[in-house]
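Just so you know, the protein sequences line up as chains P and W, in that order. Just so we're aligned, residue 4 is where the first sequence starts under our numbering, counting upward by one. Just so we're aligned, residue 476 is where the second sequence starts under our numbering, counting upward by one. The C-beta atom is built at its ideal place from N, Cα and C for all residues, glycine as well. As the structure is a computational prediction, the values presented were derived from the model and not from experiment. Read through the structure below, which is laid out as structure tokens, and then see the notes.
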Amino acid sequence: MKPTLLTGNGAAARGVRLAGIDYLPAFPITPQTEIIETLAQWIQAGEMDCRMVTMDSEHSMITAAGTAAATGVRVFTATSSQGLLYGMEMIYTVAGWRAPFVLVNVSRALSSPITLEPDHNDVLAARDSGFLQIHCSTCQEVLDAVLLAYRLGEDERVRLPVIVNLDGYYLSFTREPVLIPSRKEAARFLAPYDPGETHFRAGDPVSQGVAVLGGSQYSYFRYETHLASIQALSVFNEICREYEKITGRVYEAVEGYRTTDAEIVFFMLGSFATKAKDAVDHLRKTGLKVGLVRPRLFRPFPAQAIIRHLADKKGVAVVDQNLSQGKGGILHAELSSILYNEERRPCVLVSFIGGLGGRDISVEEFFEMARVTVQAAESGKTPAPRLLYTHEELARMRGLQSIAGNRSPGH
Amino acid sequence: MYRIRFHGRGGQGMKTAGRILGTAFFLAGYEVQDAPLYGAERRGAPMLSSVRANGKPINERGIINNPDLVIIADESLLTLPAAGVLPGLTSHSVLLIQTDQSAGTIKNHLHIKGEVLILPLPPDEKTTGGMALASASCGAAGARLCGLALDILEQAVRLELKTLSPNIIEKNLARSRQVFALLPAGIVREGKEIMAGWQRPHWIDLPMEEASISAPAIHGGATSLNMETGDWRILRPVIRTDDCVRCGLCHVFCPEGVISLTDDGLPEIDYHHCKGCLICLAQCPAHAIDAVPEHDKGGKL
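Next up, the structure:
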């Protein structure tokens, strides 16, 4: 089979087309819009048998997606950044309905200040909602993740909506060679949706998303959703093996790159992880035993697989492309919490915050993060969290502040 | 790995140029990655696109900081530091500019260490300043300078322009062949995978600064006057004062607020900031506004 050059957005649309969706509620936002545009063209040309509806906002869009899913049809929708936040009330709400659908989020940093380029604070704001989350690092993975997401969410042991996340610009607008499964292969992996008890028919009334008071019933429903999310971990592994048999492409909840004999490991999400691989290869040539661990599945959090990958490592450079204001890197906190009770935990976790708002992380910075982590492991002293931000960047900032008429620091 | 950067203004076709070159490399059997970066996402604003091609899968991403080849569609970007067209050029890299100036002039003025080549604007493209075919011109230039074959380039042009009419595709193919014949073959050399002798980043601890300094607010007022968005224009609206009925509609509809009225009610355009959207032209009931290409020396400038 020959690959095709596709953008991350194009790959997402291909996956959705192969999934044979029934319903597409849509609202535009950069950098996601190309996905909906592509699907709209195919629907218009009669190449997809699907109903598309343009909504008045993301709040309505996610409501429509959840309600349509609750009638037992296959649904897709997509958004980014402020759009995901605008729909956030319904993100939490529809997850509790236990009606699965797939939402692609094209990561874009949040306001303020407003920007167009990516980091992960948008998708991580949906972390605790009940949506499962798959994070992609290549355009190929985007296409495959969409198919995996439908299988995962629709599995009767799970029944939860799934977010597939790809980074704006670095994947959304970037073309890479992508192998597109044939219609037959896709159908072998993803059968038509059997919604089971999740339906809405006049002759068979159901009240969904009911109200409860007193906390006890509430606790039951919320914890059941959590258990279903945890259950999704083993289901994900199972369907990935099946996907591998059909396409030959191997996916695991956690990607480990040259980790077996590694002493120092980069730990991160998303498309910048491919840059880390280049750094790993180069550092290996200089004799430093470095590897990369990247969760594909972020919710549920694949704790056991991560613990296994990081057992007995000297140091971990946690690269957070997000910032929890007043706390620090979110991945760093998540990782610390699963390692604390492990006897074979790595000696040090060093926290780096980088790539906010699409700021690039250079290969030199990966080298330097490895160097700092080696030093921390040898000395046993963990340095303070480090924002990847240079002297030159601050100098440029000072220039802009002077144009903006801001009082200069130190006056 | 080949690393190529295209620079142009929104609307000049540099995304398509990147895709033509990306597809050509792909058809020639390379692993490819291409991507546009739109900046302000506005017609006329500086933008760039990147193409990487290699014999093995590409893990690098984002802006190319160490290009082997830089292609500039619009010479006005040379003097605009914010466009970032020159960073990363070394004695190894090749610079190609679409311009009527000489290569020597540009090389000396800008102190370029590497090879400088020029691509003259096509003579029969007066009305668009050569921009109608810029994507084919620049895409073909990239393919030629990197040593790709003509039949592969033509296939790539057909693929990337397939939604356009056959007539337009033919024009682009003709221009591609013309550019292919004008330029030397394969003078661009692949760059190293990762630079040897890397420099440690000068990370600093950001100082905590009070909100009066660190909030994203602009206190200077009218700082947008310093931003000469007039150079975003490809077409310039020119008012024929004899035909103007002084209704003031252009002044009302101008989204940038750059059309003022004199005491006599005659509109005046601030060309330092007019972005050339031509809404004034569309609104003018007397049809007293013309669109004149910026490159057309015969226009009333």
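Inter-residue CB distance, Y153 (chain P) and L193 (chain P) (contact presumed, cutoff 8 angstroms): By 1-based counting over the first sequence, the position of residue 153 (chain P) is 150. By 1-based counting over the first sequence, the position of residue 193 (chain P) is 190. With 8 angstroms as the limit, Y153 (chain P) and L193 (chain P) qualify as a contact, their Cβ atoms being about 6 angstroms apart.
Integer Cβ distance of A231 (chain P) from L291 (chain P), believed to fall under 8 angstroms: Residue mapping note: residue 231 (chain P) aligns to position 228 of the first sequence, counting from 1. Residue mapping note: residue 291 (chain P) aligns to position 288 of the first sequence, counting from 1. 42 angstroms between Cβ atoms; not a contact.
C-beta contact flag for T82 (chain P) and F203 (chain P) at 8 angstroms: Looking up residue 82 (chain P) in the first sequence gives position 79. Looking up residue 203 (chain P) in the first sequence gives position 200. Cβ atoms of T82 (chain P) and F203 (chain P): not closer than 8 angstroms.
contact_flag[the stretch 34–54 of chain P, the stretch 7–22 of chain P] where n(CB pairs < 8 angstroms) is 3 or more: yes
Inter-residue CB distance, V507 (chain W) and G493 (chain W) (contact presumed, cutoff 8 angstroms): Counting from 1 along the second sequence, the entry for residue 507 (chain W) is found at position 32. Counting from 1 along the second sequence, the entry for residue 493 (chain W) is found at position 18. With 8 angstroms as the limit, V507 (chain W) and G493 (chain W) do not qualify as a contact, their Cβ atoms being about 10 angstroms apart.
Proximity test, Cβ basis, 8 angstroms: G486 (chain W) and chain P: Position 11 of the second sequence, counting from 1, holds the residue named residue 486 (chain W). Taking Cβ atoms only, chain P never reaches closer than 8 angstroms to G486 (chain W), which makes this a no.
Separation of T704 (chain W) from L776 (chain W), as counted between CA atoms: Residue mapping note: residue 776 (chain W) aligns to position 301 of the second sequence, counting from 1. Residue mapping note: residue 704 (chain W) aligns to position 229 of the second sequence, counting from 1. Low local confidence applies: a pLDDT of 30 at L776 (chain W) is under 50, so the model's placement there is unreliable, and no value is given.
Sequence-distant residues of its chain with Cβ nearer than 6 angstroms to S274 (chain P) (five each side left out): Position 271 of the first sequence, counted from the first residue, corresponds to residue 274 (chain P). Only S140, D170, Y173 and L174 meet the Cβ criterion.
Rounded C-alpha distance that separates I764 (chain W) from A692 (chain W): Numbered from its first residue, the second sequence carries residue 764 (chain W) at position 289. Numbered from its first residue, the second sequence carries residue 692 (chain W) at position 217. If you take the alpha carbons of I764 (chain W) and A692 (chain W), they lie about 38 angstroms apart.
Paired residues, beta bridge with V78 (chain P) - DSSP: Here residue 78 (chain P) is taken as the residue at index 75 of the first sequence, counted from 1. P:Y26, per the DSSP bridge assignment.
Beta-ladder partner(s) of E506 (chain W), from DSSP: Translated into the one-based positions of the second sequence, residue 506 (chain W) becomes position 31. In the DSSP output, where bridge partners are listed per residue, E506 (chain W) has W:N529.
Beta-carbon contacts of E535 (chain W) that lie in its chain and below 7 angstroms, excluding the five residues immediately before and after: The residue you call residue 535 (chain W) lines up with position 60 of the second sequence. These residues qualify, in order along the chain: R527.
Helix, strand or coil at S132 (chain P) according to DSSP, with G and I counted as helix: Within the first sequence, the letter at position 129 stands for residue 132 (chain P). Correct three-state label for S132 (chain P): coil.
Within chain W, partners of Q404 (chain P) - CB distance below 8 angstroms: As a working mapping, residue 404 (chain P) is identified with position 401 in the first sequence. Chain W residues near Q404 (chain P): I688.
Helix, strand or coil at L596 (chain W) [DSSP, three-state]: As a first step, residue 596 (chain W) must be located in the second sequence, where it is residue number 121. It is coil, neither helix nor strand.
Short Cβ contact (8 angstroms threshold) for G408 (chain P) with G696 (chain W): Translated into the one-based positions of the first sequence, residue 408 (chain P) becomes position 405. Translated into the one-based positions of the second sequence, residue 696 (chain W) becomes position 221. Yes. Within cutoff.
Segment limits, alpha helix (DSSP H) that includes Y221 (chain P): Stepping through the first sequence from its first residue, residue 221 (chain P) is reached at position 218. First-last of the alpha helix (DSSP H) with Y221 (chain P): S219 to T250.
Bridge-paired residues (DSSP) for E258 (chain P): Here residue 258 (chain P) corresponds to residue number 255 of the first sequence, with the count starting at 1. Answer by DSSP bridge pairing, in chain order: P:R297.
Same chain, Cβ closer than 6 angstroms to R675 (chain W), five either side skipped, listed in chain order: For the purposes of this step, residue 675 (chain W) is identified with residue 200 of the second sequence, where counting begins at 1. Excluding residues within five positions, none has a Cβ falling inside 6 angstroms.
Status (buried if at least 16 other CB within 10 Å, exposed otherwise) for Q47 (chain P): Start at 1 with the first residue of the first sequence, and residue 47 (chain P) comes out as number 44. It counts as exposed.
Coarse secondary structure for E395 (chain P), derived from DSSP in three states: Numbered from its first residue, the first sequence carries residue 395 (chain P) at position 392. If DSSP states are grouped into helix, strand and coil, E395 (chain P) belongs with the helices.
Listed by chain order, chain P residues near G681 (chain W) by CB distance under 8 angstroms: Taking the first residue of the second sequence as position 1, residue 681 (chain W) is located at position 206. A small correction: the amino acid at residue 681 (chain W) is Leu; Gly does not occupy that position in the sequence shown. The contacting residues are L390, Y392 and L397.
Simplified DSSP assignment, three categories, for N583 (chain W): Taking the first residue of the second sequence as 1, we reach residue 583 (chain W) at position 108. Three-state DSSP puts N583 (chain W) in a helix.
Length of the line joining the Cα atoms of A618 (chain W) and Q211 (chain P): As a working note, residue 618 (chain W) is residue 143 in the second sequence. As a working note, residue 211 (chain P) is residue 208 in the first sequence. The straight-line gap from Cα to Cα measures roughly 59 angstroms.
Alpha carbon of A373 (chain P) to alpha carbon of R77 (chain P), nearest angstrom: Counted from its first residue, the first sequence places residue 373 (chain P) at position 370. Counted from its first residue, the first sequence places residue 77 (chain P) at position 74. Distance from the CA atom of A373 (chain P) to the CA atom of R77 (chain P), rounded to whole angstroms, is 45 angstroms.
Inside the stretch 151–195 of chain P only - beta strand (DSSP E) runs reaching at least 3 residues: Runs found: 165–170 and 178–181.
Interface residues of the stretch 278–299 of chain P facing chain W [CB-CB below 7 angstroms]: K278, K280, D281 and H285
C-beta neighbour in chain W for Y226 (chain P), strict 8 angstroms: What you label residue 226 (chain P) is simply residue 223 of the first sequence in a count that begins at 1. So, not an interface residue.
Beta-carbon proximity list for A22 (chain P), same chain, < 8 angstroms, skipping 5 on both sides: Within the first sequence, the letter at position 19 stands for residue 22 (chain P). Here the set comprises R77, F79, V105, V149, L150, Y153, A189 and L193.
8 angstroms Cβ cutoff, E40 (chain P) in contact with chain W: The residue you call residue 40 (chain P) lines up with position 37 of the first sequence. E40 (chain P) does not count as touching chain W.
Given 8 angstroms, three or more beta-carbon pairs between the stretch 710–723 of chain W and the stretch 733–752 of chain W: yes
Proximity of A631 (chain W) and L502 (chain W) at Cβ, strictly below 8 angstroms: Here the question's residue 631 (chain W) lines up with position 156 in the second sequence. Here the question's residue 502 (chain W) lines up with position 27 in the second sequence. Yes, the Cβ-Cβ distance between A631 (chain W) and L502 (chain W) is below 8 angstroms.
8 angstroms Cβ cutoff, E516 (chain W) in contact with chain P: One-based indexing of the second sequence puts residue 516 (chain W) at position 41. With respect to chain P, the C-beta atom of E516 (chain W) has a partner C-beta closer than 8 angstroms.
I137 (chain P), DSSP secondary structure in three states: The sequence position of residue 137 (chain P) within the first sequence is 134, counting from 1. I137 (chain P) falls in the strand class under three-state DSSP.
Closer than 8 angstroms to chain P by CB, E506 (chain W): Residue mapping note: residue 506 (chain W) aligns to position 31 of the second sequence, counting from 1. With 8 angstroms as the cut-off, E506 (chain W) counts as an interface residue toward chain P.
Span of the alpha helix (DSSP H), counted from its first residue to its last, around L42 (chain P): As a working mapping, residue 42 (chain P) is identified with position 39 in the first sequence. That run of the alpha helix (DSSP H) goes T36 to Q47.
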